[in-house]
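A.B. asks:
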Amino acid sequence: MSEELHRRIGFHEGELAALKHRLDKIEPKLDQILETLAQARGGWKTLMLVAGMASLMGALVAKVAEFIKT
């Protein structure tokens, strides 16, 4: 093989090693993002449940107050 070919192969091997290193650093961060999104999804469900219960209680209080007035 020619010297130029060896040089290019070496260059690409270095690039590949650098990309693998970057990927190894990115994977744990991606796992953290997925975990945070899973927690946020549960938080939204809880928030919507609390908001629904609060609106139900508000509607009941308004109906009872209207009934007591008359």
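Under this note's numbering, the residue at position 22 of the sequence shown is numbered 1058, and the numbers go up by one with no gaps. Where a beta carbon is used, it is the ideal one built from N, C-alpha and C, also for glycine. As the structure is a prediction and not an experimental result, all values here were calculated from the model.
Would you report the Cα separation of residue 1083 and residue 1061, rounded to the nearest angstrom?
C.D. replies: C-alpha separation (whole angstroms): 34 Å.
A.B. asks: Do you know how far the Cα of residue 1066 is from the Cα of residue 1046?
C.D. replies: So the alpha carbons of these two residues sit roughly 30 Å apart.
A.B. asks: How big is the Cα-Cα spacing for residue 1004 and residue 1099?
C.D. replies: Because the chain here runs from 1037 to 1106, residue 1004 falls outside it and cannot be looked at.
A.B. asks: What separation, rounded to the nearest whole angstrom, lies between the Cα atoms of residue 1054 and residue 1075?
C.D. replies: Taking the straight line from one Cα to the other gives about 33 Å.
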